[in-house]
Amino acid sequence: MTTVSSTTSTTSTTSASTGYSALSSTSSGTGIDYSLLIEAKVQARLVRADRVDSKITANEAKISAYTEMQTLLQTVNTSLDGLRNRSVSTGASTNLFAQRAAYVSNDDVFTATVADGTETGTYSVVVQQLATKHKIGSDTVGSKTDALGQSGSFTLQAADGTAVSIAMDADDSLTDLRDAINAQKSASGVTASIVQVSDSSYQLILTGNNTGQTIAMTDDGGGVLSGLGLTDSSGSVKNELVAVRNAIVEVDGVTISRNSNTIADAIEGVTLNLYTARPDTALTMEVSTDLASIKTAISGFVDAYNAFRDFVVQQQAVNSDGTKSDSATLFADSLLRQITQSVNSALNTTITNSDGSVLSLSTLGISFDSTNNLVLDEDTLNSALTDNIDGLQKLLGLNMTSSSSQMSLLRYDTKATALSFTLDIDMGTDGSISSTSVNGDSSLFTVKGTRLVGNEGTAYAGIVLVYTGGSGSVSVDFSQGLADRLYGAIDDVAATYDSDLSTAIDDLETNDNQLQTRSDEIRTKAETYRTTLTAYYARLEAAAEQAALLLKQLTYKSSSDDDS
Numbered sequence: 073m074t075t076v077s078s079t080t081s082t083t084s085t086t087s088a089s090t091g092y093s094a095l096s097s098t099s100s101g102t103g104i105d106y107s108l109l110i111e112a113k114v115q116a117r118l119v120r121a122d123r124v125d126s127k128i129t130a131n132e133a134k135i136s137a138y139t140e141m142q143t144l145l146q147t148v149n150t151s152l153d154g155l156r157n158r159s160v161s162t163g164a165s166t167n168l169f170a171q172r173a174a175y176v177s178n179d180d181v182f183t184a185t186v187a188d189g190t191e192t193g194t195y196s197v198v199v200q201q202l203a204t205k206h207k208i209g210s211d212t213v214g215s216k217t218d219a220l221g222q223s224g225s226f227t228l229q230a231a232d233g234t235a236v237s238i239a240m241d242a243d244d245s246l247t248d249l250r251d252a253i254n255a256q257k258s259a260s261g262v263t264a265s266i267v268q269v270s271d272s273s274y275q276l277i278l279t280g281n282n283t284g285q286t287i288a289m290t291d292d293g294g295g296v297l298s299g300l301g302l303t304d305s306s307g308s309v310k311n312e313l314v315a316v317r318n319a320i321v322e323v324d325g326v327t328i329s330r331n332s333n334t335i336a337d338a339i340e341g342v343t344l345n346l347y348t349a350r351p352d353t354a355l356t357m358e359v360s361t362d363l364a365s366i367k368t369a370i371s372g373f374v375d376a377y378n379a380f381r382d383f384v385v386q387q388q389a390v391n392s393d394g395t396k397s398d399s400a401t402l403f404a405d406s407l408l409r410q411i412t413q414s415v416n417s418a419l420n421t422t423i424t425n426s427d428g429s430v431l432s433l434s435t436l437g438i439s440f441d442s443t444n445n446l447v448l449d450e451d452t453l454n455s456a457l458t459d460n461i462d463g464l465q466k467l468l469g470l471n472m473t474s475s476s477s478q479m480s481l482l483r484y485d486t487k488a489t490a491l492s493f494t495l496d497i498d499m500g501t502d503g504s505i506s507s508t509s510v511n512g513d514s515s516l517f518t519v520k521g522t523r524l525v526g527n528e529g530t531a532y533a534g535i536v537l538v539y540t541g542g543s544g545s546v547s548v549d550f551s552q553g554l555a556d557r558l559y560g561a562i563d564d565v566a567a568t569y570d571s572d573l574s575t576a577i578d579d580l581e582t583n584d585n586q587l588q589t590r591s592d593e594i595r596t597k598a599e600t601y602r603t604t605l606t607a608y609y610a611r612l613e614a615a616a617e618q619a620a621l622l623l624k625q626l627t628y629k630s631s632s633d634d635d636s
C-alpha cells in the first residue's frame with residue numbers, strides 16, 4: 073500500500089509539470105487530445121487578428137499605389153515647371169521662356185552666352201583682332217641646369233599684377249630662375265617657362281597670365297635683366313616674342329576694344345567669346361528664346377503624362393470575367409477618380425486670342441490617341457516654336473498685361489489663377505504712392521514704397537506689383553495658361569506636403585499603426601489564453617491520472633481481500 077501511494081504522488085506531479093507537451097493524444101493518460109482543443113480555441117481568437125492584418129496589408133498596398141501616383145504626378149510637374157512663364161519670385165525654379173540662346177553664323181570665329189531675360193534681336197559682328205598675352209624671351213643659354221653666373225635682383229609684374237622681387241645667386245640655373253618666378257606668378261601676373269630651341273640651346277619665356285596686360289621689368293641691381301638678355305643696354309625689352317594687343321570687335325558698325333577675348337559689356341546680357349580674327353567677315357548673331365529647351369520640356373511633359381496615364385489604366389484593369397485585376401489596387405478609388413478629373417480638366421484649358429483664334433494642346437502638336445495617351449507631332453511643334461512663340465507662352469504660362477508700362481510684376485502666388493482688376497492709384501505731394509484701391513476698396517493692397525502688396529485673406533494675396541508712374545487708374549489682367557493651371561492642379565493633389573495624396577498616405581499610415589497595435593494586443597491575449605488553457609487542462613489530466621491510479625489501488629485492494 074505504501075508503494076502504491078508513493079507512485080500516485082509522483083505521477084501526479086509529473087503530469088502537471090509537463091504542460092502543453094503532455095496534452096497530446098499520444099501523451100495523455102486519458103487519451104483525450106487536449107492540444108487540439110487548446111489550438112482550436114486559440115485560433116478562434118486569432119481570427120480577429122488575421123482580419124486586422126488583412127486590413128493592414130490592404131492599406132500597405134494602397135499606400136504603395138498612392139506613393140507611386142504621387143511620384144508620377146510630381147514628375148509631370150517637374151516637366152511643366154519651366155513652361156509656366158514664372159520667375160523664381162513668382163513660384164518657379166526656372167522660366168524657359170526667359171532663357172536665351174545665341175545663334176552665330178560661324179561659331180569657329182566666336183560664340184556667345186546670353187543671360188535670361190535679355191532682349192532678343194539680331195546683330196552684325198566683325199572680329200577685327202584678338203587680344204594677346206604679352207610674351208618676352210631671354211637670350212638663349214647652353215644648359216637649363218648649369219649656373220648662369222648672374223647675381224642680383226629685379227622687379228617683375230604684369231599690368232594687372234603686383235610688383236614682386238626676384239633674387240638670383242651666381243649659382244642659380246635657368247630652371248631655378250623659372251621656379252622662382254612661378255612661385256609668385258599669382259601675384260605678379262607673369263608665368264615663366266623654358267623652351268628648348270635646339271639640342272644645346274634653351275630660352276626663358278615670360279608670359280602674361282591674362283591677355284592685354286603688358287609685362288614690366290626693373291633691374292634692382294647687378295644687371296641681371298640685361299645679363300639674361302631680357303632687356304637691352306637701355307633697359308628696354310630685348311626679345312619681344314608677342315606684342316600685347318587688345319581685342320577689337322565691331323558690333324553693328326560700332327568698334328569696341330577690350331583687353332580680353334571674353335567681352336561681357338559690349339551688348340547688354342550677352343557675353344562674346346572670341347576665337348579667331350576675321351577682319352573682313354561680318355557674322356550674324358541672333359539672340360532669341362531658347363527654343364530647344366522649350367521643345368525638350370514639352371516632349372518631357374508628354375512622356376511624364378503618359379507614364380501617369382499608364383498607371384491610371386493599370387488601376388482600372390479588369391479580368392475576363394469582369395472582376396478587378398489583382399494589379400488594380402485603386403480600382404474604383406474616389407481619390408484617383410478626383411485626381412484624374414482634375415488633371416483632365418486642366419489639360420483641356422484653352423486660351424482665346426483677341427482675334428478670336430483659340431490656343432490649345434493641338435497648337436503644340438499634341439493630341440490624344442485611342443487610349444487617351446498624349447501623342448506629339450514634332451513638325452507641328454517645331455512650326456509653333458519658330459512661328460508663334462508668343463502664342464505658346466500665352467497658352468502655357470502665367471501672363472500679366474497692364475495698361476501702364478510702369479506697372480510690373482514682382483511676385484505672384486503659385487496657386488493663384490486668372491484675375492482682372494483696375495487699380496486706382498493716388499500719389500502724395502512728395503511723389504510717392506499714398507493709397508490704392510480697387511472698386512473703391514482701399515483695404516486690398518498695402519503700399520510699401522513703390523511696391524503694392526496684396527493683403528492676406530483677399531483675392532490679391534501673394535501678388536506684389538511695382539509701380540513707378542503717377543496718379544491714375546491702371547488695368548491689370550492675369551491669365552493662367554495650360555501648363556500653369558495643370559501645375560497648380562497637380563500641386564494641390566500631389567505635393568510632398570499638405571496635398572490630397574500626402575494627407576491620404578498619412579491617414580493610412582496612422583490607421584496602420586493603430587491596427588498593428590490592435591493586432592499585437594489580440595495575439596498577446598491569445599497567447600495568454602493558450603497558457604491559461606494549457607495549465608487548466610494539465611490540471612485536469614493530472615486529476616484524471618490520479619483518479620485512475622486510485623481506481624487501480626481500490627481494484628488491487630479488492631482483489632487482495634478476495635484472495636484472503
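In terms of the numbering used here, the sequence shown is numbered consecutively and its last residue is 636.
Think of the CB as a built atom: it goes at the ideal place given N, C-alpha and C, for glycine as much as any other residue.
Starting from the Cα of residue i, find the closest Cα among the options and give me that residue.
i	options	result
I287	G261, A252, G293	G261
L145	F383, T217, S476	F383
D125	A619, L587, A561, K624	L587
Q222	I594, L249, L355	L249
T192	I535, L363, D244	L363
T162	D584, F550, D352	F550
A315	S442, R381, G428, H206	H206
I370	S434, D352, D427, E340	S434
A137	T147, L446, A400	A400
T290	L276, I328, A239, S474	A239
N444	Q413, T473, D496, N471	Q413
L408	N585, R602, T194, I577	I577
L278	G209, A376, T452, G500	G209
Express the C-alpha separation of residue j and residue i in angstroms, rounding to a whole number.
i	j	result
T98	Y609	Legend: pLDDT at T98 = 49, less than 50; position of this residue unreliable, value from coordinates given subsequently. T98 and Y609: Cα-Cα distance of roughly 15 Å.
G224	Y347	41 Å
V269	G214	10 Å
R317	G301	23 Å
I110	V119	15 Å
T204	S159	40 Å
N174	V186	The sequence shown places Ala at residue 174, not Asn. Roughly 7 Å separates the two Cα atoms.
G341	Q285	25 Å
R381	V415	10 Å
I562	T361	27 Å
S547	L155	26 Å
Y195	S177	11 Å
N282	S332	8 Å
G521	I505	7 Å
G345	T368	The residue you asked about is not Gly; residue 345 is Asn in the sequence shown. About 26 Å.
A607	Y601	10 Å
Y539	D502	15 Å
G280	D244	23 Å
Helix, strand or coil for residue i? Go by DSSP, reduced to three states.
i	result
F403	coil
A319	strand
S392	coil
L302	coil
L491	strand
V181	coil
F383	helix
L516	coil
Q146	helix
R350	coil
R409	helix
N583	helix
E617	helix
G163	coil
L467	helix
I135	helix
Q588	helix
K205	coil
Buried or exposed for residue i, please, with buried defined as at least 16 other CB atoms from any protein chain shown within 10 angstroms of its CB.
i	result
K466	buried
S165	exposed
A319	buried
A264	buried
G560	buried
G500	exposed
S442	exposed
A456	buried
Q410	exposed
- Any alpha helix (DSSP H) of 4 or more consecutive residues that is wholly inside the stretch 209-235: none
- Query: At what residue ranges does the stretch 234-267 contain a whole run of the alpha helix (DSSP H), taking only runs of 4 or more?
  - Reply: 246-254, 257-260
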